Every structure is written in C-alpha cells, then in structure tokens.
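Protein chains: 2
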Amino acid sequence: MSGTDKTQEPVTGGPAIVLVQPQLGQNIGTAARAMWNCGLTDLRLVRPREGWPNDWAVKAASGADIVIEAARVFDSTADAIADLTQVYAATARRRDMIQEILTPRAAAAQMRAQSAAGARIGVLFGPERAGLTNDDMALADRIIEAPLNPAYKSLNLAQAVLLVAYEWYQAGAATPDRQVVQGVTGPASKADLMGLFEHLEGELDACGFLRVREKRPSMVRNIRNIFQRAGLMEQEVKTLRGIITCLTTRRHRD
Amino acid sequence: MSGTDKTQEPVTGGPAIVLVQPQLGQNIGTAARAMWNCGLTDLRLVRPREGWPNDWAVKAASGADIVIEAARVFDSTADAIADLTQVYAATARRRDMIQEILTPRAAAAQMRAQSAAGARIGVLFGPERAGLTNDDMALADRIIEAPLNPAYKSLNLAQAVLLVAYEWYQAGAATPDRQVVQGVTGPASKADLMGLFEHLEGELDACGFLRVREKRPSMVRNIRNIFQRAGLMEQEVKTLRGIITCLTTRRHRD
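Residue numbers (my numbering), protein chains in the order written: chain S, 1 to 254; chain C, 1001 to 1254.
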C-alpha cells in the first residue's frame, strides 16, 4: 500500500515505543516504519545488540527517517521510561504476576483517554527471541496482549509494534468505515435510472425478450432489481445506455 | 510476543491471501507468519519473482510452515481467484475507478458475514513497490484501505497482510477487552482489607504518624484510599501485612 493524502495532518503525540534489547537493526527499521505509518515518532532503544546508529535499520525503515533520526538509546529500561507516567508492556507470555491484560484495542482507547488527561505514555517490547524479562514487566502498569491464533501467537517484533500503533491510530481516526470514490461522477438520480429502465425495456419489447405477457411484470422487476442493487453512478447509466444503443444498432444492421 | 494456549482451537476458514507478483521471498515468509498468527492458511502466489519454493520465505515464516507448505502458485490473478466468490483488493492508491473502499475493520465484519453465508473470499495484495495494477483492481469487488498517517501510508507487504488478517481474527475473537490474571490467588475480601487498614493504622498510631488528632480522620481516609484503588488480591494483603510487621519489628528492635 502506498500513496499520500495532503488533506489530513499526521497524528502525533502518541505513545513512546520502547524496544528493549532489540537484536536486529532490520527489525528496528521495520518497527520505525510501522510507527510512522501510524503517526508515532518517539522511538527509544534500550541496549540495541547491533549498536546505534545502524545501517540495516535505516534501510528497513524505508523512508520513515523522521523516526530513525529521532531515536534515543538508553542503558536501562528504567532510564528509558523515567519521564513517562503510564507504561504498558506488550507480550504474549503470561507470567506468575498479578497483571491487568488488555487487548491492543482496549489499550488504545485507554491511552487516548490518558493522553488527553496529560499522561506521558510508553509501550515496552522485549527482544525478538526471549520477550521482556520479569523485571522489565514489573516496570509496566498494564499488559497488552493481542488476541491471536492460540496455536501460533509468536509475532515478529515489528508486527507487534504495528498492532499497538495501528490500534492507537484507529482509536483517533475519523475515517468512515465505508467510502465510495466516485471520480468526477456522482450517483445516478432516480430519473436517470428510470430512463435506463425504459430504454432497456423498450428494446427488450422490440426484440421479443418480454413477449410472454403474463410473465412480463415479474421479468421487468427482476431486471430492474439487478441495476438497482448495483448503486449506479450517473456516468455508468450513460455507459449502459450507450451499450444498449450499440447492441441494438448492430442488431438492426444485421 | 510468544506463547501458546491450548484452551482455544485455531480459527480457520478465513479469506485466501493472494500475493500478486511478490518480489521478495522474505516478504512472503513474513506474510505467511502474519497469516498463521491470525489463523489463516490459504496462501496463493501469482508469479513470485524469486520463484517457488523459496528458502528465504521458509526462514522468514519462522515456524508458520503450515502456510508455506500449502501455498499454491498461479500464472495469473484471474487463475488464482477463479474458485472465489468475493474478492477484496488491499491498496492505498486511489484509482480513477468507481470503488467501494472499506477499512480493514469494516471489511472483516463484512467477510465474516459473507463467509457465514457460504462465500469463498480472497484478498489481493500487489507487488511491494508498485502495488496492484488497474487490471487486477478491476477483478476485485471491493477495496480495503487502512486509515494511516496521511504523510506516510506505505505499508510493508507483510504489514498490510497482518492488518487484514488481524482484523479478520478480531472480528471473530471472543477475548474480553480486559482480563486480570490472578495466579493462584483471588481478590481480597473487604474483611481482609479492613484487617490491613487496622493493622497499619494501629502501627501508625504507635509510631506517632497520626498524632495530630484533628488531621487523623482525613489522613486515614487518604491512606485507605491508596490501597482501595489498587484492587488488591488476597495474597497481596498478606504481603502488605508482612511488610508492616517486618518494618515495625525492626523499629521495635532499634
């Protein structure tokens, strides 16, 4: 998916993403890309294994330079979250601790409310293989766990970041569930539709398709229903009438 | 995120994921992993550039072998979707076509309903760089476009697959938004709490913390409130009482 839209401003001010001991620069880059896809810019790295800055991260970020360039490195998880007031930990491994576990969607709604009330929020993600340590988990106020296939819950690091960032963005997005892109045309009026129906039915009468008198009303209804359901645009009605004209002209010629 | 849970069965029967001319085996593998995270198994590849089977794909799938092994290769998009009855196209590039555009969430709800009514569903994803061609788009009934940062909508291929698969899974998941994992313990009773309060206040009286008589009621209320809000478990009340005992024993010893 690609493309930009200048009519909306990017969303910022979302949670900090804290990657604790990430192993691969490539995963940091893909995570940064996922963050910027969802308007997040505050990336914090705790002891990245391959060091920082990292060329693989830049390459994998694929243009999300704003996130990579602003990334900060910390020596400990505690340092990385020192300025925050609410910390979530993303994990799929249940620990022997008393924890409140939220879906990414519920966490996003909560973060939006907390953020509006002035909270400074961060989400912890553990290393690719091992996940967060119990000590890091104990620094978090709440746990985020995505409902996933119980037979295979293991998410790639960047995929885990994407789900949290995506839900954050969705919780504030005003995009309607359904849009119809119409180009230069608008929906057909009922008059347009009636014109089409009468044109078509006139030709169908002429060619004998509707010749059985007692069946004609139900046949007409069924044919009209096909075009009703299509939700035709003005331009499409013109196109269909052109098709009818073309087809019948050819027949007249034969 | 990692871990498994044997109490739930994996969800299957979801949409086929059709990758049209994917460039990199690694992306096919990561997409397969995202599919299996969300219980999807029907992967279809139209002319993968690096050929098939592909070692990079197997490596990147990171255990989602069930998807990789069952993947099928087709010569054209039309062949890949021939057995389907409803086809969606995932893209962020608006075309000069009349299209119904759905969010991944709205599309997932629609797919669930269609699937329950017997539809065989697929979702098309274009090549990493160029996206779907207009010809491929014209094969789809509806468009899926994720609401994303307008300044940076370009999703990695596997990330795009994840969002569609994730929303499919969420639309059928019965996971509560919020759970509290309690381990072997249960919530503290009010009697437990009162026992804690009286224990603490007795010691605070003894050490002089509550010595200013007119302030005592409000101080007690404020202290109780802290522990009320914490939603304490039975085991935690015992722990707190142990702490009080330990602290005061030490003081008595001094």
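We put the CB at the ideal spot given by N, CA and C, even for glycine. Computed from a predicted structure; not experimentally measured.
Item: If we ignore side chains and look at the alpha-carbon of each, how far apart do Thr249 of chain S and Gly242 of chain S end up?; Value: 10 Å
Item: So, with DSSP's three-state summary, where would you put Arg1142 of chain C?; Value: strand
Item: Looking at the C-beta of Ile81 of chain S, does it have a partner C-beta in chain C at a distance below 7 Å?; Value: no
Item: Do you know offhand how far Gly1186 of chain C's Cα is from Lys1238 of chain C's?; Value: 12 Å
Item: Straight-line CA distance for Ser62 of chain S to Ala1191 of chain C?; Value: 58 Å
Item: By the 10 Å Cβ neighbour count, where 16 or more other Cβ atoms means buried, how is Arg1033 of chain C classified, buried or exposed?; Value: buried
Item: By alpha-carbon positions, which one of C:Asn1222, C:Ala1171, C:Phe1227 ends up nearest to Ala1188 of chain C?; Value: C:Phe1227
Item: According to DSSP, is Tyr1088 of chain C part of a helix, a strand, or is it coil?; Value: strand
Item: Alpha carbons only, please: which of S:Leu84, S:Asn37, S:Lys59, S:Asp55 is nearest the one belonging to Arg44 of chain S?; Value: S:Leu84
Item: Output needed for Val255 of chain S: all residues of its chain with C-beta closer than 7 Å, excluding positions within five of it in sequence on either side, in chain order.; Value: This structure leaves residue 255 of chain S out entirely; chain S is present only between 1 and 254.
Item: Could you tell me the alpha carbon to alpha carbon distance between Ala1165 of chain C and Pro1147 of chain C, rounded to whole angstroms?; Value: 15 Å
Item: Below 6 Å CB to CB, which residues in the same chain sit around Glu100 of chain S once its five sequence neighbours on both sides are set aside?; Value: Arg142
Item: Helix, strand or coil, according to DSSP, for Pro127 of chain S in the structure here?; Value: coil
Item: With distances taken Cα to Cα, identify the nearest neighbour of Glu1198 of chain C among C:Ile1223, C:Arg1049, C:Arg1112.; Value: C:Ile1223
Item: Quick check: what's the CA-CA separation for Ala107 of chain S versus Ile144 of chain S?; Value: 7 Å
Item: Counting only the same chain and skipping the five closest in sequence on each side, list residues whose C-beta sits under 6 Å from that of Ile1028 of chain C.; Value: Pro1022, Ala1057
Item: Residues in the same chain with beta-carbon distance under 8 Å from Asp136 of chain S, minus the five sequence neighbours each way, listed in chain order, please.; Value: Val20, Thr77, Ala89, Leu124, Gly126
Item: Alpha carbon to alpha carbon, how far is Pro1015 of chain C from Lys1059 of chain C?; Value: 24 Å
Item: Under the three-state reduction of DSSP, which class applies to Ala64 of chain S: helix, strand or coil?; Value: coil
Item: Report the residues of the stretch 25-39 of chain S with a CB closer than 7 Å to any CB of chain C, ordered along the chain.; Value: Thr30, Arg33, Ala34, Trp36, Asn37, Cys38, Gly39
Item: For Gln26 of chain S and Leu1155 of chain C, what's the separation of their Cα atoms in angstroms?; Value: 15 Å
Item: Within the 7 Å Cβ cut-off, does Asp1135 of chain C reach chain S?; Value: no
Item: Between Gln1159 of chain C and Gln1114 of chain C, is the Cβ-Cβ spacing less than 7 Å?; Value: no
Item: Give the straight-line distance between the Cα atoms of Glu1236 of chain C and Arg1229 of chain C, rounded to the nearest whole angstrom.; Value: 13 Å
Item: By how many angstroms is the C-alpha of Asn225 of chain S removed from the C-alpha of Leu240 of chain S?; Value: 15 Å
Item: If you draw a straight line from the alpha carbon of Cys1246 of chain C to that of Val67 of chain S, how long is it in whole angstroms?; Value: 48 Å
Item: On the CB-based measure, 16 or more other CB atoms within 10 Å of its CB, does Glu1214 of chain C come out buried or exposed?; Value: exposed
Item: Provide the residue(s) that pair with Phe1209 of chain C in DSSP beta bridges, ordered along the chain.; Value: Per DSSP, none; premise fails for Phe1209 of chain C.
Item: Count the other CB atoms, across all protein chains shown, that sit within 10 Å of the CB of Pro256 of chain S; report buried if there are 16 or more and exposed otherwise.; Value: Within the shown structure, residues of chain S are numbered from 1 to 254, placing residue 256 of chain S beyond reach of any answer.
Item: What does the Cβ neighbour count give for Pro1104 of chain C, buried or exposed, with the cut at 16 atoms within 10 Å?; Value: buried
Item: Who are the neighbours of Lys1059 of chain C on chain D, taking C-beta pairs under 7 Å?; Value: The structure shown contains no chain D; its protein chains are S and C.
Item: Go ahead and label Asp1042 of chain C buried or exposed: buried means 16 or more other beta carbons lie within 10 angstroms of its beta carbon, across all protein chains shown.; Value: buried
Item: Assuming contact is defined by CB atoms lying nearer than 7 Å, are Ala173 of chain S and Ala109 of chain S in contact in what I supplied?; Value: no
Item: Would Glu1201 of chain C and Val1220 of chain C qualify as a contact pair, given that the criterion is a beta-carbon distance under 7 Å?; Value: yes
Item: Could you check whether the Cβ of Ile1098 of chain C sits closer than 7 Å to any Cβ belonging to chain S?; Value: yes
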